[in-house]
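Notes for the one structure printed next.
This is how it looks when you write it as structure tokens:
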């Protein structure tokens, strides 16, 4: 079958057509939920970041340029766009509409969508220490609307960054305040001999300890350090141990021997709270500037690209244990590849005794 293709002489001034390449899962979502809208979002803190959000998925939008011009055409036999070609019906020299295509848009690029977890734009959200007054007026709903993340993924991510609602305003709980609340929560549960509990079980007792411990604060803390089972909450001990370990690392002004760090870590826990402490819980938060000693090294203090980050890491430590090195570069490893496939582009891996180490190439 052959078609006659025409191009409109003038384009509408009130709109422009853009082409988006839809991945199969998004096509399925649109077919299954035609009544649900799609949202384009761009965080205020970034000028060149655009995402497309459904209820449960987030896609990064990237412009892909073409070497040729792509025509968006309207099949005149269907005429979904309601276009008219003057003379089509009254001029015998015009082709039959059954075999006619009218170009209604030209494009030298299209948008490509890539699935991404999304994130919360926390730039203008104040840090709340449990005492100071909140002086930035932004609600949780405003944060959700402004953030490039799907609706269903927002609250899990919100609690992970210690997000909380204080008197209707969005805040991020300060680490020191979280530690204080967590101490109180664990002490209450130990005193009451509660292994399984609800917020109602602890809300009044927490307020007796400190009137600033609102239900919303307890929700944020329990979402980070508890797990749910049969409608009840239980302390998640590995998360709690990791938290106190990281805070202990932060408080140390110089590198410490492993045993000394473990003692400080143990003493930072609430009394009578027994949990297994293992340095593997702190992988991705420390380096070893000298043999047998540990120092805090936050990932956000390093470069945002893998090549520069690896160089910085080798300036700090010349040779890394592989298990201690991997968490610092894991975010750059695609899910379809093995870590070694990426790491070995920028470093060497070798066996020393029973373990593997990473060193410069």
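Numbering (UniProt numbering), first residue to last: 1 to 361.
For glycine and all other residues, C-beta sits at the position ideal for the given N, C-alpha and C.
The structure displayed is predicted, hence computed values, not measured ones.
When the Cα atoms are used, residue 59 and residue 195 turn out to be separated by approximately 40 Å.
Each of 309, 190, 197, 61 was checked against the Cα of residue 228, and the nearest Cα belongs to 197. In the DSSP assignment, residue 73 falls within the beta strand (DSSP E) that extends over 58-75. In the three-state reduction of the DSSP assignment, residue 40 falls in the strand class, which pools E and B. Here DSSP, grouped into helix, strand and coil, assigns residue 213 to coil. Annotated as proximal: residue 173 and residue 162, with beta-carbon spacing under 8 Å.
Closest option to residue 8, judged by alpha-carbon separation, among 100, 36, 357: 100.
A distance below 8 Å separates the beta carbons of residue 302 and residue 328. Looking at 275, 278, 116, 259, the one whose alpha-carbon comes closest to that of residue 291 is 259. Within the same chain, and ignoring the five residues on either side of residue 62 in sequence, the residues whose Cβ sits closer than 6 Å to its Cβ are 112.
Where residue 248 is concerned, the enclosing alpha helix (DSSP H) starts and stops at 237-251. By the criterion of a C-beta distance shorter than 6 Å, residue 223 is surrounded in its chain by 159, once the five residues flanking it on both sides are discounted. Per DSSP, residue 192 is one residue of the alpha helix (DSSP H) stretching across 175-192. Short of 7 Å from the beta carbon of residue 221, and not among the five residues preceding or following it, lie these beta carbons of its own chain, in chain order: 178, 181, 182, 185. Contact between residue 118 and residue 27 is ruled out by a C-beta separation of about 20 Å, above the 8 Å threshold. Taken through DSSP and simplified to helix, strand or coil, residue 220 comes out as helix.
Rounded to the nearest whole angstrom, the CA to CA distance from residue 261 to residue 127 is 28 Å. By the criterion of a C-beta distance shorter than 6 Å, residue 17 is surrounded in its chain by 72, 105, once the five residues flanking it on both sides are discounted. Under the DSSP assignment, residue 112 falls in the beta strand (DSSP E) whose first and last residues are 100-116. Residue burial annotation: residue 189 is buried, with at least 16 other C-beta atoms found within 10 angstroms of its C-beta.
Considering only 280, 171, 246, 293, the residue with the shortest C-alpha distance to residue 124 is 171.
Where residue 358 is concerned, the enclosing beta strand (DSSP E) starts and stops at 355-359.
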